[in-house]
Structure formats: structure tokens, C-alpha cells
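A.B. asks: Supplied in C-alpha cells, the structure appears directly below.
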Amino acid sequence: MAITALPNSRTENDGSAVIRVLSYNIRSLRDDEEALARVIRACAPDLVFVQEAPRFFRWRKHAARLAAKTGLLVLGGGATAAGPLLLCTLRAAVERTEDILLPLTPGLHRRGFATAVVRIGGARIGLLSCHLSLNRDERYAQAGMVLERLAEMGTPHTIAAGDLNERPAGRGFRRIAAGLQDCWTAAPWGGEYTFPPGDPDRRIDAIFAGEGVEVLGCGVPVGLPGVSRDDLNAASDHLPVLAALRVPASV
780 MAITALPNSR TENDGSAVIR VLSYNIRSLR DDEEALARVI RACAPDLVFV
830 QEAPRFFRWR KHAARLAAKT GLLVLGGGAT AAGPLLLCTL RAAVERTEDI
880 LLPLTPGLHR RGFATAVVRI GGARIGLLSC HLSLNRDERY AQAGMVLERL
930 AEMGTPHTIA AGDLNERPAG RGFRRIAAGL QDCWTAAPWG GEYTFPPGDP
980 DRRIDAIFAG EGVEVLGCGV PVGLPGVSRD DLNAASDHLP VLAALRVPAS
1030 V
């Protein structure tokens, strides 16, 4: 489905916030970084949930460079969260951040969460970026940890996003979707499939929103002005997911 518009970011008179949220597996910046920056800028996100951020030599410098190229700030995560990263605009007032390393299963890659609590307009929001395991059983356990961590944040509204490494019918995906809104299912917009970029045939990346958050649209931004197919193919081995959400003001 080609798209031409998505609600712009704004703060309503009642203090609620309309925000743009982007989730993107960037494959450790091993692809075309300029194409990646163009895609992110064209999506005009308030918050970016990154997976596979650089984790090794000078990883902070690489994250800061990407933020500078996209007009964003590093909120938290990176190597200290085993890859997940959060970026934001100056619109987000940061209350706290925490990088979490998950239990290590011998022989498998270490996983983690990049988390934060921010205020945008009158809305207070808990955020979590994740990249779940390739192992089916570990992935299911980590999906439960996503829900547990969001509940522990104590915020009235929550957003989680990431690379789930499985399709919506998978146990882990369904576990998260049972506790949160799967934003694509709630308000499909743009493209559905996120992998592989050249000829996508599966949805393994997703944005989820907690109860009370209104999903205005969510999907792969194919056809969005400023987002070219060439840039999407060159930027990473995943396609991004973009959502517009209305988050009520917090008491």
C-alpha cells in the first residue's frame, strides 16, 4: 500500500501528544550510512528504537554520528544493552534511562533492552527497544521479560519496539501482542513485511503500544515522500517500521 501522509507530531490542547515512532534494525551500520540517515530523517520520528547498533570499538562515537546525521540525540542503549539503542528529539524530556542485559544462555548471543522514561507534551511514556533471540525457547522467555520490564516502569503508557526474529504467529510475538497492541494490526498503514529489504516476505519487526495509546497508523514507510526504494534497500538488511501514536496526557 503506497502512502503519502501520516499525522505530524504535535501536542494537543488537552496535553496529549501525537508522536512518530520508528523501529529499525541497522545491522551495526555496516551498510550505506548515508541512505540510512536519509530514511530516518524523511520519517521525521520523535523516537527511534534501534536494533543492532554498533557494540564494539568506538561504539559511542558511531551512535553519536548517526544521531548527528539524523538530527537526533542518543537517549540510551548501545553496547551496554547488547545492541538495542534509543534516539530522540529535543521534544522528549528525559526522566530516566536504564540499559538491561538479559540472562546469557551458553552458546547464544547476549541480548538486552534499552529502556527509558520520557515526557512528551503532557504524556509520560515508558520505552523499550529489544532484539529477541534466534532460539525459540529463549525468545519466548525474553518476550515475557519485555512485558515484565514495561510493567515495572510504573508509567501510565508504554511503547516497545524491535526485531522479534519471528513472525506474528510465533509464540514470542503472540506473547507480546497478548499484553500490548500490535500497532500494524491495530491500524495498518504502508507496507507490512520487513525482511528481507529487496523482496520482503515476512514481518519480524514490530511496534507495540500499551493500553490507552491510540494507534493512528503503522507500517513500513514505502512510498513516504523522501523515502526511496533504493535507500531502503541500501540502508540495512531490514526495513523500518514507522508509527504515529496519540498518547494521552498523564495525571
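Read in order, the letters of the sequence shown correspond to residues 780 to 1030 in the working numbering.
Note that CB positions come from ideal geometry on N, CA and C, so glycine has one too.
Quick caveat, the model's predicted, so the values are computed rather than measured.
1. Report, in whole angstroms, the separation of the C-beta atoms of residue 852 and residue 864, which I expect to be a contact under 8 Å.
2. What does the alpha-carbon distance come out to for the pair residue 787 and residue 797?
3. Judging by CA-CA distance, which residue of 903, 869, 956 and 1000 is the nearest neighbour of residue 1032?
4. Could you name the residues of the same chain whose beta carbon sits closer than 6 Å to that of residue 845, not counting the 5 residues immediately before and after it, in chain order?
5. Do you know offhand how far residue 1008's Cα is from residue 1030's?
6. Here's the rule I'm using: 16 or more other beta-carbon atoms within 10 Å means buried, otherwise exposed. How should residue 841 be labelled?
7. I need the DSSP call for residue 892, collapsed to helix, strand or coil.
8. Which residue wins for smallest C-alpha separation from residue 942, given the options 785, 808, 951 and 834?
9. Residue 822 and residue 1006 look like a contact to me (Cβ under 8 Å); what is the Cβ gap, rounded to whole Å?
10. Would you mind listing the alpha helix (DSSP H) stretches within the region 930–960 that are 4+ residues and don't spill past its ends, in chain order?
11. Do the CB positions of residue 916 and residue 870 come within less than 8 Å of each other?
12. Out of curiosity, what's the CA-to-CA distance linking residue 795 and residue 858?
13. How many Å lie between residue 807 and residue 940 at the Cα?
14. Within this structure, are the beta carbons of residue 856 and residue 908 separated by less than 8 Å?
C.D. replies: Taking the coordinates as given:
1. The beta-carbon distance between residue 852 and residue 864, rounded to whole angstroms, is 11 Å. This is too long to meet the 8 Å contact definition.
2. Whole-angstrom Cα-Cα distance: 7 Å.
3. Only positions 780 to 1030 of the chain appear in this structure, which leaves residue 1032 out of reach.
4. Taking C-beta separations shorter than 6 Å and ignoring five residues to either side along the sequence, residue 845 has no partners in its chain.
5. Taking the straight line from one Cα to the other gives about 42 Å.
6. Result: buried.
7. It is a strand residue.
8. Selected option, being the one with the closest Cα: 951.
9. That belief holds up - the Cβ atoms of residue 822 and residue 1006 are roughly 7 Å apart, short of 8 Å.
10. Within the region 930–960, the complete alpha helix (DSSP H) runs of at least 4 residues are 950–958.
11. With respect to the 8 Å criterion, residue 916 and residue 870 are not classified as neighbours on the basis of their beta carbons.
12. So the alpha carbons of these two residues sit roughly 33 Å apart.
13. Going from the Cα of residue 807 to the Cα of residue 940 covers about 17 Å.
14. Going by C-beta atoms, residue 856 is nearer than 8 Å to residue 908.
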